[in-house]
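Quick note on numbering that gives the first Met the number 0: the sequence shown kicks off at 0 and runs consecutively.
Each residue gets a CB set at the ideal place from its N, CA and C atoms; glycine is no exception.
Fair warning: this is a prediction, and the values are worked out from it, not measured in the lab.
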Amino acid sequence: MVLALVTFPHFIIMLLAIIFFTGSITMVIMHKPKNWFLLHKFLASVGVLTAIIGVISLGGLVLEILHGILGLIITTIFIIVIFVGLFAIKKKEKKVRSAHILISRITYIISLFLVILGIITLLFF
Numbered sequence: 000m001v002l003a004l005v006t007f008p009h010f011i012i013m014l015l016a017i018i019f020f021t022g023s024i025t026m027v028i029m030h031k032p033k034n035w036f037l038l039h040k041f042l043a044s045v046g047v048l049t050a051i052i053g054v055i056s057l058g059g060l061v062l063e064i065l066h067g068i069l070g071l072i073i074t075t076i077f078i079i080v081i082f083v084g085l086f087a088i089k090k091k092e093k094k095v096r097s098a099h100i101l102i103s104r105i106t107y108i109i110s111l112f113l114v115i116l117g118i119i120t121l122l123f124f
């Protein structure tokens, strides 16, 4: 069972996306190293691209299961959040920046639960 999990490309790719998002959020929380903001943008962008590749790796959308539906929604929200963040940088609007931060955090937490849901779905259904 566990072997099926670690040899499933979608799992590996999405786990990498979560690692990139975790690094991105860590940069924001710690404000270190000196170029933390550049690293935040880079890691978040790579995380989104990795998540998109993870969805593509399935060969098609799997919308018959809750994990597939929520995964597509969360991946889409992550893409939108990237653009909201870029808009917040350009316009320097505090409300837009606050929305970017709040939505990012909520989406990240939900994505962690999605990993668990995906594991349960793969192993037991």
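Subject >> Reduced DSSP secondary structure (H/G/I, E/B, other) of I64 >> reply: As a position in the sequence shown, residue 64 is number 65, starting the count at 1. Three-state DSSP puts I64 in coil, outside helix and strand.
Original post:
Less than 8 angstroms separating the beta-carbons of L57 and H9?
Top reply: Locating residue 57 in the sequence shown gives position 58, counting from the first residue. Locating residue 9 in the sequence shown gives position 10, counting from the first residue. Yes; because the gap between Cβ atoms is below 8 angstroms, this pair is in contact.
Original post:
Which class does G22 belong to by DSSP, given the choice of helix, strand or coil?
Top reply: Within the sequence shown, the letter at position 23 stands for residue 22. Helix, per DSSP.
Subject >> Top-ranked residue by Cα proximity to I11, from K40, G46, V95 and I24 >> reply: As a working note, residue 11 is residue 12 in the sequence shown. Measuring from the Cα of I11, the nearest candidate turns out to be G46.
**OP:** Report buried or exposed for F36, applying the criterion of at least 16 other Cβ atoms within 10 angstroms of its Cβ.
**Re:** The count along the sequence shown starts at 1 and reaches residue 36 at position 37. It is exposed - the Cβ of F36 has fewer than 16 other Cβ atoms within 10 Å.
**OP:** Find the nearest neighbour of L85 within the set I18, S44 and H30, judged by alpha-carbon distance.
**Re:** Mapped onto the sequence shown, residue 85 falls at position 86. Each of I18, S44 and H30 was checked against the Cα of L85, and the nearest Cα belongs to S44.
**OP:** Report the rounded CA-to-CA distance for V5 versus K90, giving the unit in angstroms.
**Re:** For this step, residue 5 is matched to residue 6 along the sequence shown. For this step, residue 90 is matched to residue 91 along the sequence shown. If you draw a straight line from the Cα of V5 to the Cα of K90, it comes to about 43 angstroms.
**OP:** Taking only runs that begin and end inside the region 36–116, name each unbroken alpha helix (DSSP H) of 4 or more residues, in chain order.
**Re:** Runs of alpha helix (DSSP H) with 4 or more residues, each lying fully within the region 36–116, are found at 65–90, listed in chain order.
**OP:** Since I believe I17 is in contact with S110 (beta carbons under 8 angstroms), could you give me their beta-carbon distance rounded to a whole number of angstroms?
**Re:** As a first step, residue 110 is located in the sequence shown; it is residue number 111 there, counting from the start. As a first step, residue 17 is located in the sequence shown; it is residue number 18 there, counting from the start. The pair is a contact, with the Cβ atoms about 6 angstroms apart (cut-off 8 angstroms).
Subject >> Distance, I76 Cα to I108 Cα >> reply: The residue labelled residue 108 in the question sits at position 109 within the sequence shown. The residue labelled residue 76 in the question sits at position 77 within the sequence shown. Pairing I108 with I76, the inter-Cα distance amounts to about 13 angstroms.
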